[in-house]
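Chains D and C are the protein sequences, given in the same order.
No gaps in the numbering here: position 16 of the first sequence is 16 in my numbering, and each next residue is one more.
Quick note, my numbering runs 219 ahead of the 1-based positions in the second sequence.
Think of the CB as a built atom: it goes at the ideal place given N, C-alpha and C, for glycine as much as any other residue.
These numbers come from a predicted model, not from an experiment.
Have a look at the structure below before the remarks.
There are 2 protein chains.
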Amino acid sequence: MDDDASIRKVLRFALEKAEFSVIEAENGEVALTLFHSADFIVLDVMMPKMDGIKTCAKIREHSAIPILFLSSQDDEFDRIQGLEIGGDDYLTKPFSPRELVARVKAIFRRTADHQLESTPPDGSEGTIKYGKLALDLKGVIATWDSQVVTITRSEFEILERFIGSPDRAFRRNELMRGQVVSDRTIDSHIGHLRKKFAEVDAVVIDTVHGIGYRLSSCQ
Amino acid sequence: MDDDASIRKVLRFALEKAEFSVIEAENGEVALTLFHSADFIVLDVMMPKMDGIKTCAKIREHSAIPILFLSSQDDEFDRIQGLEIGGDDYLTKPFSPRELVARVKAIFRRTADHQLESTPPDGSEGTIKYGKLALDLKGVIATWDSQVVTITRSEFEILERFIGSPDRAFRRNELMRGQVVSDRTIDSHIGHLRKKFAEVDAVVIDTVHGIGYRLSSCQ
DNA sequence: TTTATATTCTGCAATATTTAGCCAATTTTG
DNA sequence: CAAAATTGGCTAAATATTGCAGAATATAAA
């Protein structure tokens with residue numbers, strides 16, 4: 001999904017050699033109609049019709065599909081901005097096709113890891129743990145150091161999003177399954193979570209000023 | 220991009236043999252209009268219309284594209300100066316075409332290495348390291364020798380810019396995503412960074428008088 | 001329907017960050 | 001060495017971001 005046909009050709013070749021199947025879209029509008037059938041997306045920051053950033057935002061309203069951004073060095077665009085917007089990784093032109101493939105594989109490894117984590121082999125099915133925090137996905141119960149913390153469904157979903165990428169800072173609109181709510185609303189949920197966990201002397205969420213929030217170390 | 224047509228011919232031959240594609244510009248002004256489509260640039264220090272140094276500065280206002288300088292021995296221009304100004308490498312005439320090609324390849328290897336470094340095989344994806352300095356891009360956390368240093372977003376972005384080209388001196392206006400702010404503002408950010416890193420006995424930024432700043436050796 | 005609970009939003013106060021002016025200290029230049 | 005240019009650190013104002021207390025709305029339970 002790059003505006004420059006020749007780059008697309010190179011990408012297609014490299015990805016197909018790595019046994020991915022590739023669909024192309026020459027601009028953001030087309031991309032939006034196709035992304036449902038894809039496993040991941042490579043977006044050029046600069047695209048005709050709709051730029052990569054807008055396209056990413058649109059996609060993120062509906063889906064958490066992995067997105068990798070491409071940009072030229074002179075695009076005045078950097079990793080932070082890319083991540084803020086909801087990208088999973090970011091690559092600057094020029095890059096080697098080999099590196100692109102490596103990045104894509106890394107994204108898959110990462111998301112695959114998560115999915116495995118939720119059904120680990122040791123019988124503790126359906127619970128995800130990170131430090132003292134544990135989320136029971138079936139019972140929708142959160143515990144801290146084995147003590148139950150009663151939270152609502154939205155609050156649980158926010159924690160679920162966090163625990164899926166425990167080291168990552170999320171922007172607000174990434175935290176609620178792409179539902180469009182005001183930033184203050186998210187703050188509100190975060191506030192409630194903090195208050196509830198404070199009752200068991202736990203700090204679960206750090207704020208990342210200018211970006212959003214991040215799961216704390218949970219120790 | 221050399222003023223002397225015969226040298227250009229030799230360079231073109233050597234580079235094309237090494238499977239690079241070459242665009243020529245007979246002076247700095249022309250070079251400025253062409254550099255967008257290039258992967259790297261070879262600049263002669265002495266060029267008609269606009270000298271190599273000025274051209275490099277102009278290019279550096281927009282791009283971090285690799286630049287290699289050529290100079291004659293009697294140009295009163297030395298390696299240090301070339302690198303400080305924003306060059307990535309520097310070659311004195313006379314030189315063998317083979318050496319030029321080797322240098323160019325080295326530049327590519329270096330920049331590629333960097334990019335790879337950000338997805339190392341050990342699972343610590345999304346962090347860039349240089350010496351004791353590490354930037355966790357996803358978490359937006361800076362560490363020195365594994366100690367967390369709390370910095371703001373702009374400060375983080377400045378470090379990110381630095382670590383992308385750790386040997387290069389940057390002009391102030393290159394450091395903040397092209398945002399137009401006064402030079403004093405940059406100084407201020409740099410000052411804050413220095414103070415914060417001083418608390419863990421670290422020196423992260425050197426000043427390059429008359430140019431701007433550069434990442435320190437980070438040892 | 002009524003009641004309770006959960007969710008979202010609004011507006012404002014509290015914080016944190018960014019910016020720029022000032023001037024002394026430092027470095028470079030002539 | 002003196003003059004000019006540049007930088008560092010301080011300050012304070014301007015901006016931007018976040019936290020929080022209701023209030024309004026939606027949803028579920030009784």
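Worksheet item: If you draw a straight line from the alpha carbon of L91 (chain D) to that of I67 (chain D), how long is it in whole angstroms?
Response: Their Cα atoms are separated by approximately 11 angstroms.
Worksheet item: On the premise that K105 (chain D) lies in contact with Q219 (chain D), defined as a C-beta separation below 8 angstroms, what is that separation, rounded to the nearest angstrom?
Response: The C-beta separation of Q219 (chain D) from K105 (chain D) comes to about 31 angstroms, leaving the pair out of contact by the 8 angstroms criterion.
Worksheet entry | Where V203 (chain D) sits in the DSSP three-state scheme | coil
Worksheet item: With 8 angstroms set as the bound, which would you pick, yes or no: does the beta-carbon of R372 (chain C) sit closer than that to a beta-carbon of chain D?
Response: yes
Discussion item. Does R387 (chain C) come out as helix, strand or coil in the three-state DSSP assignment?
Written reply: coil
Worksheet item: What are the start and end residues of the beta strand (DSSP E) that includes T362 (chain C)?
Response: From DSSP, the beta strand (DSSP E) with T362 (chain C) extends over I360 to W363.
Item to complete: Look at the alpha carbon of D89 (chain D) and the alpha carbon of R103 (chain D), and state the distance between them as a whole number of angstroms.
Response: 8 angstroms
Worksheet entry | Pair within 8 angstroms by beta-carbon distance, A169 (chain D) and K357 (chain C) | yes
Practice prompt. Identify the continuous beta strand (DSSP E) that holds L175 (chain D) and give its terminal residues.
Written response: Counting along the chain, L175 (chain D) falls outside any beta strand (DSSP E), and DSSP gives it neither H nor E.
Item to complete: Answer with yes or no whether the minimum CB distance from V208 (chain D) to chain C is below 8 angstroms.
Response: Contact of V208 (chain D) with chain C is assigned, a C-beta pair being separated by under 8 angstroms.
Practice prompt. Tell me whether I163 (chain D) sits in a helix, a strand or coil according to DSSP, three-state version.
Written response: Under the three-state reduction of DSSP, I163 (chain D) is assigned to helix.
Worksheet item: When we look at the beta-carbon of H428 (chain C) and count the other beta-carbons within 10 Å, is it buried (16 or more) or exposed?
Response: exposed
Worksheet entry | Cut-off 8 angstroms between Cβ atoms - residues of its own chain near D341 (chain C), not counting five sequence neighbours on either side | Because D341 (chain C) carries a pLDDT of 37, less than 50, the predicted location of this residue cannot be relied on, and the following value inherits that uncertainty. No residues qualify anywhere along the chain.
Discussion item. Is D355 (chain C) close to chain D? Criterion is C-beta to C-beta, closer than 8 angstroms.
Written reply: yes
Item to complete: Return the Cβ separation of R396 (chain C) and E376 (chain C) in integer angstroms, given the expectation that the two are a contact with Cβ distance under 8 angstroms.
Response: About 7 angstroms separates the Cβ atoms of R396 (chain C) and E376 (chain C), confirming a contact at the 8 angstroms cut-off.
Practice prompt. Using a Cβ-Cβ cut-off of less than 8 angstroms, list which residues of the segment 160-178 of chain D approach chain C; keep chain order.
Written response: If the cut-off is 8 angstroms between Cβ atoms, the segment 160-178 of chain D has S165, D167, R168 and A169 near chain C.
Worksheet item: Can you tell me the Cα-Cα spacing of I205 (chain D) and A353 (chain C), whole angstroms?
Response: 22 angstroms
Worksheet item: Should I211 (chain D) be flagged as near chain C, meaning a C-beta pair shorter than 8 angstroms?
Response: Between I211 (chain D) and chain C, the shortest Cβ-Cβ separation is below 8 angstroms.
Worksheet item: By Cβ distance, which residues of its chain are closer than 7 angstroms to S435 (chain C), with the 5 residues on each side in sequence left out?
Response: The answer, listed in chain order, is V422, V423, I424 and D425.
Worksheet item: Do you know how far the Cα of T369 (chain C) is from the Cα of K414 (chain C)?
Response: 11 angstroms
Practice prompt. Enumerate in chain order the residues of its own chain whose CB-to-CB distance from S154 (chain D) is below 8 angstroms, with the five nearest sequence positions on each side excluded.
Written response: Cβ neighbours of S154 (chain D) beyond the five flanking positions: M176 and H189.
Item to complete: Using a cut-off of 7 angstroms between C-beta atoms, extract the partners of R214 (chain D) located in chain C.
Response: G358
Discussion item. Using DSSP's beta-bridge definition, name the partner residues of S216 (chain D).
Written reply: DSSP output for S216 (chain D) lists no bridge partner at all.
Discussion item. Given this structure, state the Cα-to-Cα distance separating D386 (chain C) from Y432 (chain C), to the nearest angstrom.
Written reply: 10 angstroms
Worksheet item: What residues match up with I286 (chain C) in a beta bridge as DSSP calls it?
Response: DSSP, once it has assigned bridges, lists C:I260 as partnering I286 (chain C).
Worksheet item: Expressed to the nearest angstrom, what Euclidean distance is found between the alpha-carbon atoms of I163 (chain D) and I141 (chain D)?
Response: 14 angstroms
Fill in: Coil, strand or helix - T311 (chain C) by DSSP
strand
Discussion item. Looking only at its chain, what residues have a beta carbon closer than 8 angstroms to the beta carbon of H192 (chain D), apart from the 5 residues adjacent to it on each side?
Written reply: I151, T152 and E155
Practice prompt. Classify T371 (chain C) as helix, strand or coil using the three-state DSSP reduction.
Written response: coil
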